[in-house]
Amino acid sequence: MSLWEYANPKKFMQTSQAVLPAIWGLTALSMVVGLVWGFFLTPEAENFGSTVKIIYLHVPAAMMAINAWVMMLVASLIWLVRRHHVSALAARAAAPVGLTMTVIALVTGAIWGEPMWGTYWAWDPRLTSFLILFLFYLGYIALWEAIENPDAAADLTSVLCIVGSVFALLSRYAVNFWNQGLHQGATLSMDKQENIANVFWFPLLVCMGAFILLFVALVLERTRTEIRARRIKALIARERMA
Amino acid sequence: MIALLIRDLALAIRAGGGFGLGLAFFLIVVVLVPFGVGPESAILSRIAPGILWVGALLACLLSLDRIFALDFEDGSLDLLATAPIPLEGVVAMKAAAHWVTTGLPLTLAAPGLGLLLSLDPAAYGWLVLSLALGTPALSMIGTFGAALTVGLKRGGLLLSLLVLPLYVPTLIFGAEAVVRGAAGQANATPLLMLAGITLATLALLPFAAAAAIRINLR
């Protein structure tokens, strides 16, 4: 029994079909619990009023926007090293989800920023690096769409993902250097004293768990779709040959 | 490899190579900016370093899809890939040829165009230095992007979408070095970062670009 068994598409399809309903159920449950708890059962924060509640969407989405890219990087590396098609397809499936998470983080941030900072957009390092991340996702997806040969597309997007990761990290530090921040620092670090109060922290944890589950469910679902699409293509090709 | 460099340079300079087009484009961008933002020299000298850097970057981008496209079409890229020199070396030479035909002329022309934008007198030296340090990175990153899209029919637009985000750090440090230099502040950090980016891209990206070409020629 090893992780690599799931590189077999058939095995992957069977297992994912078995676990997906459970993951979707847990996603729905934790999402409802986290959002209802966060939106209706927490007090309003000092200085922020009710606007603080957008944190329950903003922080988990931002977290998943970055983690989706990391997951794509890992999947790309696995594809380049071990040539498992499911891995390449999972990376492809994760990209639009990550893009959506980036957009959610940017939009909720803008909605929150208008009353709080008095502006929808500022060239703050964090905001700017998220905008750059958004552009990286766009380029990655566009490259997948542009290349017809599926193996070449998987290879080239993997190379782009690896090089892009380095440059995304570099951009993060470059924009830090370029402009001073308006965005508050990390509120959730493990070791600092400035963490947010537990009243907000626990529902936020549930929401973060919900977003992780949502991401896993969406990526599994989309990977299944990609596998099916490829099977259909193979069947059509076989039909033509016959 | 030297022969390849000379061949690419000769191809670029002779008719149809598009040599000088990038330079003309750079000139036009810089001429258009004052029409857009107004002729006050205070505003112009404030934004001049950024405009010159963005203009140089766009001019660089313009000629990227030529790096491999012509060789791919007539099959000489296959010959180069099977030639006894490493493909990484071929890629590096292609980037070098691109830099000599675009980056270098842009660097040399930038002070003249800085005059049009009433660039701060203290900034001219920094502008040339930062462009000289940064444009090789632009060429190398662009060569990587061109290698990714070499097999595509209409790779031009996609190429810009892939390459422009990768240009962000170079642009930030390049423009910042000029701005700080003009203001009389210490600008060793951005210059060192710029040189670091250039050296790292020159050292590492030929491998990624060569891998991409091998995939595309498969």
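Chains as they are written, first to last, in the working numbering: chain F, 841 to 1082; chain V, 453 to 670. Even glycine gets a Cβ: it sits at the ideal position worked out from N, Cα and C.
Closer than 7 Å to chain V by CB, residue i
| i | result |
| --- | --- |
| residue 994 (chain F) | no |
| residue 899 (chain F) | no |
| residue 1014 (chain F) | yes |
| residue 1010 (chain F) | yes |
| residue 986 (chain F) | yes |
| residue 909 (chain F) | no |
| residue 850 (chain F) | no |
| residue 1042 (chain F) | no |
| residue 1018 (chain F) | yes |
| residue 1003 (chain F) | yes |
| residue 1055 (chain F) | no |
| residue 1051 (chain F) | no |
| residue 1071 (chain F) | no |
| residue 912 (chain F) | no |
| residue 1030 (chain F) | The pLDDT assigned to residue 1030 (chain F) is 48, lower than 50, so where the model puts this residue is not dependable, and the model offers no usable value. |
Min CB distance residue i to chain F below 7 Å
| i | result |
| --- | --- |
| residue 618 (chain V) | yes |
| residue 604 (chain V) | yes |
| residue 662 (chain V) | no |
| residue 610 (chain V) | yes |
| residue 583 (chain V) | no |
| residue 613 (chain V) | yes |
| residue 600 (chain V) | yes |
| residue 653 (chain V) | no |
Residues that residue i contacts on chain A, provided the C-beta gap is smaller than 8 Å
| i | result |
| --- | --- |
| residue 667 (chain V) | In the displayed structure, chain A is absent; the protein chains listed are F and V. |
Contact under 7 Å by Cβ, residue i with residue j
| i | j | result |
| --- | --- | --- |
| residue 607 (chain V) | residue 601 (chain V) | yes |
| residue 509 (chain V) | residue 623 (chain V) | yes |
| residue 565 (chain V) | residue 979 (chain F) | no |
| residue 936 (chain F) | residue 1051 (chain F) | no |
| residue 972 (chain F) | residue 1005 (chain F) | no |
| residue 874 (chain F) | residue 1047 (chain F) | yes |
| residue 618 (chain V) | residue 880 (chain F) | no |
| residue 596 (chain V) | residue 660 (chain V) | yes |
| residue 646 (chain V) | residue 625 (chain V) | yes |
| residue 1059 (chain F) | residue 858 (chain F) | no |
| residue 641 (chain V) | residue 585 (chain V) | no |
| residue 562 (chain V) | residue 513 (chain V) | no |
| residue 453 (chain V) | residue 519 (chain V) | no |
| residue 456 (chain V) | residue 545 (chain V) | yes |
| residue 652 (chain V) | residue 540 (chain V) | no |
| residue 915 (chain F) | residue 930 (chain F) | yes |
| residue 488 (chain V) | residue 627 (chain V) | no |
| residue 599 (chain V) | residue 664 (chain V) | yes |
| residue 871 (chain F) | residue 904 (chain F) | no |
| residue 1064 (chain F) | residue 927 (chain F) | no |
| residue 863 (chain F) | residue 1057 (chain F) | yes |
| residue 500 (chain V) | residue 477 (chain V) | no |
| residue 611 (chain V) | residue 516 (chain V) | yes |
| residue 658 (chain V) | residue 543 (chain V) | yes |
| residue 963 (chain F) | residue 1016 (chain F) | no |
| residue 939 (chain F) | residue 998 (chain F) | no |
| residue 1053 (chain F) | residue 891 (chain F) | no |
| residue 554 (chain V) | residue 474 (chain V) | yes |
| residue 630 (chain V) | residue 579 (chain V) | yes |
field: 4-residue-minimum alpha helix (DSSP H) runs that sit fully inside the stretch 531-614 of chain V, ordered along the chain
entry: If we require 4 residues or more, the alpha helix (DSSP H) runs fully inside the stretch 531-614 of chain V come out as 539-550, 556-568, 575-600.
task: May I ask you to list, following chain order, the residues of the stretch 615-643 of chain V that have a beta carbon less than 8 Å from some beta carbon of chain F?
output: Contacts with chain F (Cβ-Cβ distance below 8 Å) from the stretch 615-643 of chain V involve 616, 617, 618, 620, 621, 624, 625, 628, 641, 642, listed in chain order.
- request: Could you name the residues of the stretch 962-982 of chain F whose beta carbon sits closer than 7 Å to any beta carbon of chain V, in the order they occur along the chain?
  value: 972, 975, 976, 978, 979, 982
- prompt: Which full runs of the alpha helix (DSSP H) of 4+ residues lie inside the stretch 962-1047 of chain F, going along the chain?
  reply: 965-986, 990-1018
Contact between the stretch 580-590 of chain V and the stretch 940-960 of chain F (3+ Cβ pairs under 8 Å): no
field: Residue ranges of each alpha helix (DSSP H) within the stretch 888-972 of chain F, 4 or longer
entry: 895-922, 925-957
query: In chain order, what residues of the stretch 860-879 of chain F put their CB closer than 9 Å to some CB of chain V?
result: none
message: Taking 8 Å as the cut-off, does the stretch 627-637 of chain V touch the stretch 571-579 of chain V (at least 3 CB pairs, one atom from each stretch)?
response: yes
message: Three or more C-beta pairs under 8 Å: does that hold for the stretch 1069-1080 of chain F against the stretch 898-917 of chain F?
response: no
message: So within the stretch 465-507 of chain V, which uninterrupted alpha helix (DSSP H) runs reach at least 4 residues, ignoring any that extend past its ends?
response: 473-489
- prompt: If you measure beta-carbon to beta-carbon, which residues of the stretch 488-500 of chain V are closer than 7 Å to chain F?
  reply: none
- prompt: What residues in the stretch 519-530 of chain V have a beta carbon less than 7 Å from any beta carbon of chain F?
  reply: none
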